[in-house]
Amino acid sequence: MNIARDDDVLGGEPRIDGTRIGVRHVAARVIDRGQSPAHVADQLDVALADVYESLSYYYAHIDEIRELEAENEAAFERVQELSLKPKETVK
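Once you know that position 15 of the sequence shown is 22 in the working numbering, the rest is easy, because the numbers rise by one and skip nothing.
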């Protein structure tokens, strides 16, 4: 399998080995955006087999990927909330 996990890359999320392309990013393009696997492979400059392996991993570990998506979304919302608050001034 050409799917790797490393705590130092993408926070340990599953990704195509040798790249910083996450499984969930490949799945989002194909599943959510309706892009063809061949188009995604071309756009990301990876082998078509890597896209299919990513999709296979996604479906075999869908609960794990959905949990990662929820954690990422929650982190984004926290950062967004903090960035929208006015800065406190020192008196």
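Positions of the beta carbon are idealized from the N, C-alpha and C atoms, including for glycine.
Take LEU75 as the anchor and find which of MET8, ALA34 and GLY25 has the nearest alpha-carbon.
ALA34
Is LEU55 near the ligand MG, going by C-beta to nearest heavy atom under 7 Å?
As presented, the structure is devoid of all ligands, the ligand MG included, so that no description of it is given.
Pairing CB atoms from the segment 40-60 with CB atoms from the segment 77-84, are three or more of them under 8 Å?
Contact annotation: the segment 40-60 does not touch the segment 77-84, with fewer than three C-beta pairs closer than 8 Å.
Just curious, the alpha helix (DSSP H) that GLN50 is in, first and last residue?
44-51
Kindly indicate which residue of VAL53, MET8, ARG27 and TYR66 has the alpha-carbon position closest to the one of LEU17.
ARG27
Name the residue from TYR65, GLY41 and PRO44 whose alpha carbon lies nearest to the alpha carbon of ARG31.
TYR65
Does ILE23 come out as helix, strand or coil in the three-state DSSP assignment?
DSSP places ILE23 in strand when its eight states are reduced to three.
Looking only at its own chain, which residues have a Cβ that is under 6 Å from the Cβ of ILE72, when we skip the five neighbours before and after it?
ARG31 and TYR65
Distance CB(GLY29)-CB(ARG36) smaller than 8 Å:
no
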